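Step one of this worksheet: look at the structure below.
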Amino acid sequence: MNLYQRHRDAERLGSVPTRSVGTRKLLLVLWVWLLAGCGQAQIQPLRVQAVPWANGERSTYQVIDLNSDFAGTATIEFSAGATQIEEDAWTMRREVAAQGDQEIVVIEMSTSGLRPVLSTLERMLSDNRQQQVKTIYSSGQVDLELTTAQNVTTNERINVPSDVRDQRSLLALVRALPLANGYATQVNSFLPIANLLERTTIRVIDQEQVQTQAGDYTTWRVEVSTTDSESQAWIAIGAPYILVKFTDGRTGGTYELQEYQEGN
1 MNLYQRHRDA
11 ERLGSVPTRS
21 VGTRKLLLVL
31 WVWLLAGCGQ
41 AQIQPLRVQA
51 VPWANGERST
61 YQVIDLNSDF
71 AGTATIEFSA
81 GATQIEEDAW
91 TMRREVAAQG
101 DQEIVVIEMS
111 TSGLRPVLST
121 LERMLSDNRQ
131 QQVKTIYSSG
141 QVDLELTTAQ
151 NVTTNERINV
161 PSDVRDQRSL
171 LALVRALPLA
181 NGYATQVNSF
191 LPIANLLERT
201 TIRVIDQEQV
211 QTQAGDYTTW
221 RVEVSTTDSE
231 SQAWIAIGAP
241 YILVKFTDGR
251 TGGTYELQEY
261 QEGN
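1 is the number of the first residue of the sequence shown in this note's numbering; add one for each residue after it.
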């Protein structure tokens, strides 16, 4: 029974005039309980745990398109340290080669909270032209340097919340969250290539068994949603909380784990 049906039934019950005060109170308690039971999980404050990966971790995925056809491959690697951060930091490198294009994203993040400091994107198009985006994050703002395929460079400064994360690192962030039944939290995210600032909700839906070329995994199915998109991520239950599968709500593409290499 959905929320609308329960609400409608409660209103119908509430229209009976001969109900005693005690009965009305009991029904009111029952109605509130039903609404709570079918409502969304309570949003918890964002709390990032210790990173679960180690230096040199590498995950390889096959990319499946909307027609369920093989479209390419993707890799995600983590290495300790960063060029723009003196304290403990991590660098995430994501490379996607699909349908004739190649995209490399590198994000430098602080270990504490996985906050971005620098990100770069290089996109090699099938006609050998390139696009580049360099993003520097500082408290309350980002500085963008964009170079188009026509080799035209522009610069832009954008105000953002001080706790913003780079949207392309959100799946890494999810791995470091205390996922559990009923867990939900929110985070501000920014996508430089689209100049898009969003409030993103991360919510555990349920547990699922997922079969991949890399093996079978018991996972948390996690919904990563904004006002206009809904993506799904499957995170292995148990350290190092591997990203097993991901479906992009905007492109419809699916990433399935092919091979996993632990770090050291």
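Backbone N, C-alpha and C define an ideal beta-carbon position, used for all residues, glycine too.
These numbers come from a predicted model, not from an experiment.
- Check the Cα spacing between glutamate 198 and each of Thr73, Gln258, Ser139, Thr226: the tightest is with Thr226.
- Its chain contains Ile107, Thr135, Asp166 as the residues whose beta carbon lies nearer than 6 angstroms to that of serine 119, once the 5 sequence neighbours on both sides are disregarded; these appear in chain order.
- Nearest to isoleucine 158 by C-alpha distance, out of Gly140, Thr148, Ala149, is Gly140.
- Here proline 192 is buried, its C-beta having at least 16 other C-beta atoms within 10 Å.
- Look at glutamine 141 here: in three-state DSSP terms it is strand.
- Taking every protein chain shown into account, the CB of proline 116 has 16 or more other CB atoms within 10 angstroms, so this residue is buried.
- Nearest Cα to valine 48 within the set Glu230, Gln42, Leu173, Arg123: Leu173.
- Each residue's CA atom was taken as its position, placing threonine 219 and isoleucine 242 some 9 angstroms apart.
- In this structure isoleucine 76 is buried. Its beta-carbon is surrounded by 16 or more other beta-carbon atoms within 10 angstroms.
- Put simply, the backbone Cα of isoleucine 64 is about 6 angstroms away from that of tyrosine 255.
- Here the alpha carbon of valine 187 sits roughly 7 angstroms from the alpha carbon of threonine 201.
- Taking C-beta atoms under 8 angstroms as the contact rule, valine 133 and leucine 146 qualify, at a distance of about 5 angstroms.
- Closest option to glutamine 44, judged by alpha-carbon separation, among Pro178, Leu257, Ala214: Pro178.
- Under the 10 Å beta carbon count, leucine 66 is surrounded by fewer than 16 other beta carbons and is classified as exposed.
- Distance between tyrosine 61 and glutamate 262, taken at the CA atoms: about 15 angstroms.
- For serine 169, the closest of Val152, Glu156, Phe190, Asn151 by C-alpha to C-alpha distance is Phe190.
- In this structure leucine 171 is not in contact with alanine 97, their Cβ atoms being roughly 18 angstroms apart against a cut-off of 8 angstroms.
- Rounded to the nearest whole angstrom, the CA to CA distance from threonine 148 to valine 105 is 16 angstroms.
- Taking every protein chain shown into account, the CB of arginine 175 has 16 or more other CB atoms within 10 angstroms, so this residue is buried.
- Inter-residue distance for isoleucine 205 and arginine 221 is about 6 angstroms (C-alpha atoms, whole angstroms).
- Scanning the region 45 to 114 for uninterrupted alpha helix (DSSP H) segments of 4 residues or longer gives nothing; none is fully contained.
- Within the same chain, Cβ atoms closer than 8 angstroms to the Cβ of glutamine 102 are found at Glu95, Val96, Arg123, Met124, the five residues on either side in sequence being excluded.
- Under the DSSP definition of a beta bridge, glycine 215 partners with Thr212.
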